[in-house]
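Trainee: Those letters in the sequence shown? Residues 149 to 387, by this note's numbering.
Ideal Cβ positions, reconstructed from N, Cα and C, are used throughout, including at glycine.
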Amino acid sequence: VRIFVMGIDQWRDEQDWPLPDTSYTDYFLQSGGSANTRNGDGTLTLDVPAESQRDEFRYDPRDPVPTAGGALLPSIPGFIGPVDQKAVDERPDVLCYTGPVLDEPVEVTGHVELKVFVSSSAVDTDITAKLVDVFPDGRAINLCDGILRLRYRNDLSNPAPLTPGEVYEVTVPMAVTSNVFLPGHRVRVDISSSNFPRYDRNTNTGGFINQESVDDAIVATNQVLHGPEHPSRLVLPII
Numbered sequence: 149v150r151i152f153v154m155g156i157d158q159w160r161d162e163q164d165w166p167l168p169d170t171s172y173t174d175y176f177l178q179s180g181g182s183a184n185t186r187n188g189d190g191t192l193t194l195d196v197p198a199e200s201q202r203d204e205f206r207y208d209p210r211d212p213v214p215t216a217g218g219a220l221l222p223s224i225p226g227f228i229g230p231v232d233q234k235a236v237d238e239r240p241d242v243l244c245y246t247g248p249v250l251d252e253p254v255e256v257t258g259h260v261e262l263k264v265f266v267s268s269s270a271v272d273t274d275i276t277a278k279l280v281d282v283f284p285d286g287r288a289i290n291l292c293d294g295i296l297r298l299r300y301r302n303d304l305s306n307p308a309p310l311t312p313g314e315v316y317e318v319t320v321p322m323a324v325t326s327n328v329f330l331p332g333h334r335v336r337v338d339i340s341s342s343n344f345p346r347y348d349r350n351t352n353t354g355g356f357i358n359q360e361s362v363d364d365a366i367v368a369t370n371q372v373l374h375g376p377e378h379p380s381r382l383v384l385p386i387i
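1. Output the boundary residues of the beta strand (DSSP E) element that contains Ala-198.
2. Please state the DSSP three-state secondary structure of Val-149.
3. Helix, strand or coil for Arg-160? Go by DSSP, reduced to three states.
4. Tell me the DSSP secondary structure of Ile-357 in three-state form.
5. Would you please verify whether the beta carbon of Ala-270 is less than 8 Å from any beta carbon of chain D?
6. Short of 8 Å in beta carbon distance, which residues of its chain neighbour Val-149, apart from the five on each side in sequence? Order them along the chain.
7. Just curious, the alpha helix (DSSP H) that Asp-237 is in, first and last residue?
8. Note down, one range per segment and in chain order, each beta strand (DSSP E) of at least 3 residues found wholly within the region 236-287.
9. When we look at the beta-carbon of Arg-210 and count the other beta-carbons within 10 Å, is it buried (16 or more) or exposed?
10. Could you give the C-beta distance for Glu-255 and Ile-386, rounded to a whole number, given that I count them as a contact under 8 Å?
11. Looking only at DSSP bridge pairs, what is Gly-229 linked to?
12. Suppose contacts are defined by Cβ-Cβ distances below 8 Å. Is Ser-326 in contact with Phe-205 by that definition?
13. Ordered along the chain, which non-local residues of its own chain (more than five positions away) have a Cβ less than 6 Å from that of Arg-287?
14. With which residues is Asp-169 paired in a DSSP beta bridge?
15. Determine the burial state of Ser-171: buried for a count of at least 16 other Cβ atoms within 10 Å of its Cβ, exposed for fewer.
16. With a threshold of 6 Å on Cβ separation, who are the neighbours of Gly-229 within its own chain once the five nearest residues in sequence on each side are excluded?
17. Which term fits Gln-359, buried or exposed, when burial requires 16 or more other beta carbons within 10 angstroms of its beta carbon?
Spelled out as structure tokens, the structure:
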């Protein structure tokens, strides 16, 4: 396997994948209930938070979070590759959880995922997650991301609607990456319910793409829960 390690900008040849010395490490979500935007109080910690809390945002399919970079094929400026997430991270419908400034380099190489406890006022909605490298100058560069349509949380072939207000533990796969977070940088995960037009926006009704339009959409109030009873966490493959 040949990989390109971002951060240190090096090619590396490996004999196995996933890498045998991978240590999957939990970074727990924590806040005082106001993790909205990059200026909120969302943090990442290696310890399970002592207090239970929840962060809330409104997802309006008529005003989805715009795509800003990512592993896309169309050559549209601003839609592919590494892009500063500042405009996205300033939206109130984006929850930002940011780790402390690093003293030592941290290599993340492999599959990334978000294990999170969520609830919604709707019978269906999406949860998106994006891993971000925050530079000392404030730039926030996307590394990898993913999405889960909650009706398919158990099985892609057997959709199950949500019970509004009920809490569900779900896993959002975030693809793979290889990046060294350098000293002075911080790890961040952005959570929301849309990344459009990369992913089709969920109308929150439980309907299907070919059966309804955005005119049928409803606004959902979505929550992310964290704490000792709901240990929501970003799982990173640390090398």
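Mentor: Answer, in terms of the structure:
1. Careful: Ala-198 lies outside any beta strand (DSSP E) and carries neither H nor E.
2. coil
3. strand
4. helix
5. Chain labels in this structure do not include chain D; a single protein chain is all it has.
6. Asp-161, Glu-162, Gln-163, Asp-164 and Trp-165
7. 234-237
8. 243-246, 254-268 and 274-282
9. exposed
10. 7 Å
11. Gly-218
12. no
13. Asp-232
14. BP columns for Asp-169 are empty, so no partner.
15. exposed
16. Gly-217
17. exposed
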